[in-house]
Amino acid sequence: MLHLSWRDRETLKKVKCVHTDAKKYLVNNALTAGKVYDVKNETEEFYYIIDNTGKVGGFYKEYFQDA
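See below:
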């Protein structure tokens, strides 16, 4: 159960949120456009970051650019 230790993991890189205009999901409660986030894990499709709620969440890479 690796996902339980992601919060305490070393940061892989930093990414900047470029928009929160989701087609299907509500992300503007958890992300702020222009804010820089720490990436705790990465897959082909998602970044797992500590979002505005203080929890680790998975978000599509389309919302971010490298900081």
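Heads up: the sequence shown is residues 944 to 1010, going by our numbering. Every residue, glycine too, gets a C-beta built ideally from N, C-alpha and C. All values derive from a computational prediction rather than experimental measurement.
Item	Value
In whole angstroms, what separates the C-alpha of residue 955 from that of residue 986?	12 Å
Please report the distance separating the alpha-carbon of residue 983 from that of residue 966.	24 Å
Near residue 1004, what residues of its chain come up, given a Cβ to Cβ distance below 7 Å and the 5 sequence neighbours on each side ignored?	988, 989 and 990
Can you give me the start and stop residues for the beta strand (DSSP E) that residue 1001 sits inside?	999-1003
With DSSP as the reference, please indicate the residues paired to residue 1006 in a beta bridge.	Partner(s): none; residue 1006 has no beta bridge.
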